[in-house]
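Reviewing the structure listed below.
Protein chains: 2
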Amino acid sequence: MNWLVLVFFVSVLALAYAALNFYSVKKVDEGTRQMREIAASIREGAITFLNYEFRIIAMIALLVAVLMGVVVGWYVGVAFLIGATMSSLAAFVGMRIATYANVRVSNTARTTKKLGKTLKVAFQGGSVMGLCVGGFALLGLVIVYVVFGLLLKQLSLENVYLFRNFLGIEFSPFTMTISGYALGCSIVAMFFRVGGGIYTKAADMGADLVGKVEAGIPEDDPRNPATIADNVGDNVGDVAGLGSDLLESFVGAISSGVILAFHLFLSSEAKNGGMTPSLLQKMFLYPVVLAGLGLLACVIGIAYIIVKELSEDPHRELNMSTWVSAGLTVVLAGFASWFMFRGEDLSGVSFNLGTFSPWIASVLGIVSGVVIGLIAEYYTSYDYNPTKSIAGASIEGPALTITQGMSVGMRSTMAPVLVLGATVIAAYGAAGMYGIAMAAAGMLSFVSTTVTVDTYGPISDNAGGIAEMSKLDEEVRAITDKLDSVGNTTAAIGKGFAIGSAALAATSLMVAYIFSFSPPEVDPILDIINPMTLVGAMVGTALPYLFSGMLIESVTKAARKMVDEVRRQFKEKPGILDGTEKPDVSSCVSIASEGALQEMKLPSYIALAFPIVGGFVFGAYFVGGILIGSIMSAIMLALYTGNAGGAWDNAKKYIETGALNGHGKGGPVHAAAVVGDTVGDPLKDTVGPSLDILIKIMSTISLIAVAIFSKYNLFAWLSSLF
Amino acid sequence: MNWLVLVFFVSVLALAYAALNFYSVKKVDEGTRQMREIAASIREGAITFLNYEFRIIAMIALLVAVLMGVVVGWYVGVAFLIGATMSSLAAFVGMRIATYANVRVSNTARTTKKLGKTLKVAFQGGSVMGLCVGGFALLGLVIVYVVFGLLLKQLSLENVYLFRNFLGIEFSPFTMTISGYALGCSIVAMFFRVGGGIYTKAADMGADLVGKVEAGIPEDDPRNPATIADNVGDNVGDVAGLGSDLLESFVGAISSGVILAFHLFLSSEAKNGGMTPSLLQKMFLYPVVLAGLGLLACVIGIAYIIVKELSEDPHRELNMSTWVSAGLTVVLAGFASWFMFRGEDLSGVSFNLGTFSPWIASVLGIVSGVVIGLIAEYYTSYDYNPTKSIAGASIEGPALTITQGMSVGMRSTMAPVLVLGATVIAAYGAAGMYGIAMAAAGMLSFVSTTVTVDTYGPISDNAGGIAEMSKLDEEVRAITDKLDSVGNTTAAIGKGFAIGSAALAATSLMVAYIFSFSPPEVDPILDIINPMTLVGAMVGTALPYLFSGMLIESVTKAARKMVDEVRRQFKEKPGILDGTEKPDVSSCVSIASEGALQEMKLPSYIALAFPIVGGFVFGAYFVGGILIGSIMSAIMLALYTGNAGGAWDNAKKYIETGALNGHGKGGPVHAAAVVGDTVGDPLKDTVGPSLDILIKIMSTISLIAVAIFSKYNLFAWLSSLF
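Line by line, the protein sequences are chains A and B.
So the first sequence is numbered by my numbering: it starts at 74 and just counts up by one.
So the second sequence is numbered by my numbering: it starts at 74 and just counts up by one.
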């Protein structure tokens with residue numbers, strides 16, 4: 074219990090530090106009246122969307138909580154609500170500060186003309202989101218642990234471990250509660266990622282299509298009524314979406330570790346394998362402690378950057394913060410592993426490297442996260458050949474821009490998969506199945522710094538937009554542009570991290586899923602040449618394609634509504650373009666909000682329906698196939714779309730620098746590259762990130778529902794008739 | 074043995090009928106001097122490429138044959154060479170006649186002005202390829218059966234069933250020989266599909282990029298030096314490539330049935346399960362007999378169309394030929410199933426529906442092949458909404474053409490997968506694992522008619538090109554255009570068939586793979602949460618992406634070489650464009666040939682290296698993962714690229730009809746659609762078809778090599794050290 078107290082205090086510390094940063098950012102001046110006005114519109118737009126979302130989330134969350142409460146147990150419903158609340162709080166606070174920080178970043182650039190000082194405000198703004206993700210996630214987990222830890226003590230072991238409720242469904246209250254908590258985080262993340270992803274790209278594509286292409290006005294021009302919606306989108310998709318996504322991976326990784334540990338214990342009991350209850354307790358605790366120490370390391374790593382004098386090289390400063398956090402996490406977690414597992418009888422588990430086994434697995438996760446991020450940078454930065462080749466192909470027109478980008482995106486999938494594969498094998502070698510979950514937990518242990526660095530990007534992007542719209546000096550714009558361009562690189566790395574961690578977390582959730590319906594006395598397997606599993610895997614592999622295809626169409630539909638609205642305004646108020654009339658920005662904001670929430674429903678429901686309906690019709694092995702198929706397929710599609718999209722974006726930027734034989738902005742080569750960039754937009758910012766969530770939420774929901782559908786399904790019932 | 078005699082005579086009959094059709098097509102007049110000249114250039118270009126290819130194929134085939142002869146057994150090497158020869162013969166004869174038929178089709182249209190008569194020549198030309206595919210494949214199989222059937226009789230059962238060679242490798246000579254035969258067909262198919270696919274699209278894209286886009290001259294304009302290469306490409310990729318691909322699926326499906334039957338027998342022996350040797354013999358024979366009867370049905374179905382008076386509706390006539398062949402196959406195979414299995418003791422196999430079980434499984438395959446074809450038509454024909462939506466999106470410019478096409482392609486994957494899944498479950502229900510192989514064999518049983526109908530398309534396309542280049546009447550062009558547009562639909566259906574059959578064939582080959590290294594006394598499984606298999610599956614899922622990405626780049630590279638050459642000619646001989654100078658077509662033909670063969674190497678070698686190197690390093694379970702991962706992933710990518718590409722092509726054609734609010738040829742909406750079409754070209758004609766081959770050749774090669782690497786691999790050796 075001492076460890077949990079430590080984790081509790083760390084999470085409170087992180088949240089307190091987030092609050093401190095929140096208020097110190099808010100204290101910064103907002104600048105000119107025009108800047109204030111623009112910032113207020115963006116803030117208002119973001120709040121509008123948040124309100125829309127929270128209304129739906131509240132309804133759905135209550136429904137799911139009641140359903141789980143009735144069918145499984147009340148505490149599962151409660152844990153679910155705690156998860157949903159924590160995730161919502163993190164997203165809410167993080168997005169709130171992002172909409173305060175953006176204008177303050179522009180103003181700092183305007184008043185100080187110093188890159189370092191400007192960077193500090195952006196970073197401090199981002200740190201609020203980062204610290205909230207780590208802080209709220211762990212706070213909720215500690216609550217769940219303590220409440221159900223106490224339950225554990227009060228009830229006898231057997232009752233707690235395998236409880237049979239009034240429907241005859243057998244489950245373990247403790248792990249089921251943890252799963253409920255994870256599902257709460259997932260549901261919220263899905264809304265923010267999918268809804269936010271559609272919002273941001275519908276606004277972006279809509280603004281670009283009619284602004285840049287038809288009216289010939291630059292990006293972030295205040296005459297374009299869709300510009301505010303575009304800037305709102307950055308906050309909605311890239312701040313709230315990314316934060317809740319990583320929060321969900323973080324919780325998913327920890328919970329899969331807990332569930333695996335529990336099933337390893339059950340199977341050891343069934344075989345008299347010698348895993349002690351005390352070791353089980355430690356294995357329950359280790360991922361939470363790892364996360365807690367990681368959070369502590371992040372607080373230090375973040376504070377270091379906020380306190381010190383910053384140089385003019387934002388890339389170096391951001392990296393420094395990551396290295397400090399990651400390095401400290403590695404050291405602290407090593408001590409924890411030693412303290413916790415020394416003296417335990419390890420003969421009942423496959424900790425092949427002794428006391429340090431789980432630690433080594435988590436370090437492997439940390440290393441592979443960094444390597445996958447670097448690979449993403451290689452494929453998407455214009456310093457390297459892949460992106461340059463796309464720029465070069467644009468000389469032959471847009472068709473070759475597209476095919477070359479597809480080619481780069483497709484080829485970019487192999488390297489990160491090899492890294493993930495090596496991590497899985499090595500982590501398994503170190504600590505068995507539990508090791509794979511610990512690798513996922515390790516990759517996410519310094520999530521607060523990752524999120525901080527990632528959130529800094531959209532804040533700077535917004536700051537640039539505000540500078541542009543308020544017609545600030547070139548010099549100011551130069552500072553925000555510099556920050557923004559570094560933000561693009563960190564975004565690519567962050568996406569690699571998001572998909573890498575989602576892949577590991579979903580894989581260990583899937584393994585936990587298979588354990589959870591396999592009888593403890595046999596080794597759990599998922600035989601892929603069992604026809605049910607095989608067909609499930611086929612359907613599962615197609616599912617991310619269906620989901621992605623639907624999302625792309627959703628974005629296009631919403632973008633076209635936006636285009637129609639902007640055209641209508643330009644037509645009805647011809648004064649907008651010559652600056653004599655004001656565009657109506659709020660109508661564009663509502664169109665994006667309503668469009669996003671309207672369009673996200675069908676793909677999300679379909680994605681969730683497949684494992685649930687599949688489970689109740691064909692049973693647990695079919696769903697096992699769906700999970701493995703969709704995890705594999707979604708990893709590839711996410712890597713492909715993320716890297717192709719990033720590379721298209723930067724190929725365009727490369728041409729804009731004039732480095733490609735002087736083909737610059739405005740020429741046909743640039744026009745071809747803009748087509749690539751537009752195609753890449755929904756791929757990298759809607760489809761890719763939504764796929765991360767898809768596989769995690771499918772795994773989590775299956776993990777909960779399998780307790781029911783492994784017992785009650787149509788196929789089993791029909792088979793019993795013959 | 075009587076059955077084999079029947080099959081032998083059917084294959085001879087089919088080949089004789091092919092010869093008859095060859096000469097009766099050749100008898101038709103070639104038309105004007107200009108037509109003769111153009112046709113001769115195309116023919117010469119095709120022969121040039123064929124010669125290049127055969128030289129490489131011969132070298133590699135000999136190398137592989139010797140290697141297999143030494144490491145496994147001489148007869149395996151011999152069977153491999155028989156397979157390579159049969160496949161090469163079919164491709165050679167089929168492509169030869171296609172280059173005779175094209176000009177004769179144009180001339181028939183010119184002299185008769187009758188669609189029906191023109192159709193007949195095109196169909197008869199296509200039938201040569203179709204009949205050669207069925208005839209040569211079966212002839213070779215009968216030879217292998219008879220030779221090793223005799224061996225079977227001479228040696229005692231035990232020796233034949235599990236033979237241990239001088240390297241200590243255990244295998245069954247009979248099934249290994251069948252696998253060797255299948256691999257021979259695969260290798261040739263890979264060269265024709267991958268090399269031909271790169272050739273055809275490099276020429277097409279190259280010709281379009283510089284012709285239509287830069288010089289503003291129409292497609293198939295004789296002033297464009299790349300036009301002949303473009304027409305050669307249709308023969309190389311769509312005739313020889315498609316024929317050898319389906320030949321390979323056909324043989325793969327049959328051989329996987331044979332191998333599965335054998336392993337079911339071994340496992341029944343080990344468990345005293347009661348499967349009689351006589352039943353095994355029947356299960357060996359049934360797929361060959363099914364194929365033989367299917368070929369007979371095809372001869373009848375093809376002859377029916379050639380003999381009867383044809384209407385002006387080519388679509389109806391082509392469908393008629395398919396229905397006759399498929400219907401007759403169903404009836405004949407039903408009788409065969411009854412004759413063969415009645416009186417056998419079926420208690421040892423899971424023939425859950427009695428004597429007719431294998432027949433029902435094959436009928437399921439036939440039905441699902443047709444349904445998958447219809448789904449492909451729905452997604453790619455402009456009579457339906459998906460393609461219309463792409464045309465509609467083009468109004469907003471090329472970026473939305475691309476995203477909408479991607480969306481359609483991605484969404485189009487689910488429906489065929491559900492059909493395939495239902496087929497797998499139903500076929501398994503009817504006849505166990507053997508049923509899945511029989512479904513694949515059923516889908517391919519009337520392959521000769523499928524190939525005939527598919528080959529008619531490129532012949533008509535070429536005929537149109539020749540008509541255009543020889544400046545024949547509008548009326549003639551109208552006839553060939555009509556034939557060509559029907560050809561586009563049949564091509565989409567044919568692609569659905571190709572990927573559907575490849576999926577089933579590869580799946581049953583994979584199951585055979587797992588059986589082949591599992592000890593007969595246990596039920597073979599492939600546990601996907603075994604870390605080796607899991608990581609193999611991850612790598613396998615990425616492999617088709619890597620392969621596809623490399624292929625797309627290969628096409629672009631070769632196309633850009635072509636563009637450079639055309640630009641050079643236009644610059645050095647300015648008279649070409651005003652018609653006073655002749656373009657040098659042969660240099661474009663050699664650039665395409667050399668480019669294709671150069672560029673196909675790396676992706677092909679990498680694809681083959683993964684299972685082989687993976688096997689010798691990590692062992693059989695890792696490769697099992699690679700196979701399942703790449704089969705699943707390749708099915709999706711092939712459906713996605715095939716359908717997106719087809720839909721882009723037809724969206725452009727739809728706009729050309731003027732049906733989209735009068736946006737016609739030449740406007741910006743059409744230009745946007747042309748971008749989509751160009752992007753789709755390498756996807757649908759290079760990547761998609763090559764993926765079919767990829768999964769089959771990987772499965773076949775693993776099936777052979779596993780005998781060695783399941784015994785000798787680095788991982789096992791290292792494990793034995795500790």
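Virtual Cβ for every residue (Gly too), placed ideally from N, Cα, C.
(request) Label Asp102(A) either buried or exposed according to how many other C-beta atoms from any shown protein chain fall within 10 Å of its C-beta, with 16 as the threshold for buried. (result) Exposed: under 16 other Cβ atoms inside 10 Å.
(message) With distance defined between alpha-carbon atoms, name the residue in Ala275(B), Ala536(B), Gly310(B) and Ser775(B) nearest to Ile664(B).
(response) When each option's Cα is compared against that of Ile664(B), the closest is Ala275(B).
(request) Work out the CA separation of Tyr785(A) and Ser775(A) for me, nearest whole Å. (result) The C-alpha of Ser775(A) lies about 14 Å from the C-alpha of Tyr785(A).
(message) Counting only C-beta atoms, is Gly365(B) closer than 7 Å to chain A at any point?
(response) So no, Gly365(B) is outside the interface.
(request) Report yes or no: do the stretch 366 to 374 of chain B and the stretch 459 to 466 of chain B share at least 3 C-beta pairs separated by less than 8 Å? (result) Not touching, per the Cβ criterion.
(message) My parser needs the alpha helix (DSSP H) runs of 4 or more residues fully inside the stretch 673 to 722 of chain B; what are they?
(response) Unbroken alpha helix (DSSP H) stretches of 4 residues or longer found wholly inside the stretch 673 to 722 of chain B: none.
(request) Within the same chain, show all residues whose beta-carbon is closer than 8 Å to that of Met623(A), passing over the 5 residues directly before and after it, in chain order. (result) Result list for Met623(A): Leu675, Pro676 and Ile679, in chain order.
(request) Compute the distance between the beta-carbons of Ala134(A) and Cys205(A), then report whether it is under 7 Å. (result) For Ala134(A) and Cys205(A), no; Cβs fall outside 7 Å.
(message) Counting only beta-carbon separations shorter than 7 Å, does Thr474(A) have a partner in chain B?
(response) It does not; no Cβ of chain B falls within 7 Å.
(message) Does the CB of Leu282(A) have a neighbour CB from chain B at under 7 Å?
(response) At least one chain B Cβ lies under 7 Å of Leu282(A).
(message) Less than 7 Å between the C-beta atoms of Ala474(B) and Leu437(B), yes or no?
(response) The residue you asked about is not Ala; residue 474(B) is Thr in the sequence shown. No, the Cβ-Cβ distance between Thr474(B) and Leu437(B) is not below 7 Å.
(message) Taking the beta carbon of Asn180(B) as the centre, do at least 16 other beta carbons fall within 10 Å, making it buried, or is it exposed?
(response) It is buried - the Cβ of Asn180(B) has at least 16 other Cβ atoms within 10 Å.
(message) Please state the DSSP three-state secondary structure of Asp600(B).
(response) Three-state result, Asp600(B): strand.
(message) In whole angstroms, give me the CA-to-CA distance for Ile766(A) and Gly367(A).
(response) Going from the Cα of Ile766(A) to the Cα of Gly367(A) covers about 23 Å.
(message) What does the alpha-carbon distance come out to for the pair Gly284(B) and Thr300(B)?
(response) Rounded to the nearest angstrom, the two C-alpha atoms are 9 Å apart.
(message) If I follow the unbroken alpha helix (DSSP H) through Ile290(A), where does it start and stop?
(response) DSSP places Ile290(A) in no alpha helix (DSSP H); its state is neither H nor E.
(request) Please report the residue range of the alpha helix (DSSP H) in which Thr476(A) lies. (result) Segment Pro471 to Arg484, the alpha helix (DSSP H) holding Thr476(A).
(request) Evaluate Met278(A) with the Cβ neighbour count: other Cβ atoms within 10 Å of its Cβ, from every protein chain shown; 16 or more gives buried, anything less gives exposed. (result) So Met278(A) counts as buried.
(message) Please give me, in chain order, every unbroken run of the alpha helix (DSSP H) with length at least 4 that falls completely inside the stretch 282 to 352 of chain B.
(response) Scanning the stretch 282 to 352 of chain B for uninterrupted alpha helix (DSSP H) segments of 4 residues or longer gives 300 to 306 and 315 to 343, listed from N- to C-terminal end.
(request) Measure the beta-carbon distance from Pro604(A) to Tyr501(B) and round it to whole angstroms, keeping in mind my assumption that it falls under 8 Å. (result) With a contact defined as Cβ atoms closer than 8 Å, Pro604(A) and Tyr501(B) qualify at about 4 Å.
(message) Going by DSSP in three states, Glu385(B) sits in which element: helix, strand or coil?
(response) Here DSSP, grouped into helix, strand and coil, assigns Glu385(B) to coil.
(request) Flag this pair as yes or no: are the beta carbons of Val569(A) and Ser533(A) separated by less than 7 Å? (result) Note that residue 569(A) corresponds to Gly in the displayed sequence, not to Val. No, the Cβ-Cβ distance between Gly569(A) and Ser533(A) is not below 7 Å.
(message) If the criterion is Cβ atoms closer than 7 Å, does the pair Val194(A) and Val178(A) meet it?
(response) Yes, these two residues count as a Cβ contact at 7 Å.
(request) Step through the CB atoms of chain A and report whether any lies within less than 7 Å of the CB of Leu599(B). (result) At least one CB atom of chain A sits nearer than 7 Å to the CB of Leu599(B).
(request) Kindly indicate the opening and closing residues of the alpha helix (DSSP H) around Ala554(A). (result) It should be noted that the sequence gives Asp, not Ala, for residue 554(A). Going by DSSP, Asp554(A) is part of the alpha helix (DSSP H) stretching over Glu547 to Phe590.
(message) Within the continuous alpha helix (DSSP H) that includes Glu117(B), where are the two ends?
(response) Under the DSSP assignment, Glu117(B) falls in the alpha helix (DSSP H) whose first and last residues are Arg106 to Val144.
(request) Consider the Cβ of Glu469(B): report whether some Cβ of chain A lies at a distance smaller than 7 Å. (result) Taking Cβ atoms only, chain A reaches closer than 7 Å to Glu469(B), which makes this a yes.
(message) Tell me the DSSP secondary structure of Glu103(A) in three-state form.
(response) Of the three classes helix, strand and coil, the one that applies to Glu103(A) here is coil, per DSSP.
(message) Assuming contact is defined by CB atoms lying nearer than 7 Å, are Val215(A) and Leu320(A) in contact in what I supplied?
(response) No. Outside cutoff.
(request) Note down, in chain order, every chain A residue with its Cβ under 7 Å from the Cβ of Met673(B). (result) The premise fails here: Met673(B) is roughly 15 Å from chain A at the closest Cβ pair, so nothing lies under 7 Å.
(message) Is the beta carbon of Cys661(B) closer than 7 Å to that of Ala302(B)?
(response) Yes, the pair counts as a contact, with Cβ atoms nearer than the cut-off.
(message) Assuming Asn535(A) is part of the alpha helix (DSSP H), what are its boundary residues?
(response) Taken as a continuous stretch (DSSP letters only), the alpha helix (DSSP H) holding Asn535(A) covers Val520 to Met542.
(request) Please classify Arg237(B): does DSSP put it in a helix, a strand, or coil? (result) Strand at Arg237(B).
(request) Closer than 9 Å by beta-carbon distance: list the chain B residues that pair up with Tyr218(A), in chain order. (result) Within 9 Å Cβ-Cβ: nothing; Tyr218(A) doesn't reach chain B, min ~27 Å.
(request) Starting from Ala504(A), follow the alpha helix (DSSP H) in both directions and report where the run begins and ends. (result) Start and end: Met487 to Leu517.
(request) Determine the extent of the alpha helix (DSSP H) in which Phe247(A) is found, giving its start and end residues. (result) In this chain, the alpha helix (DSSP H) harbouring Phe247(A) covers Pro246 to Met263.
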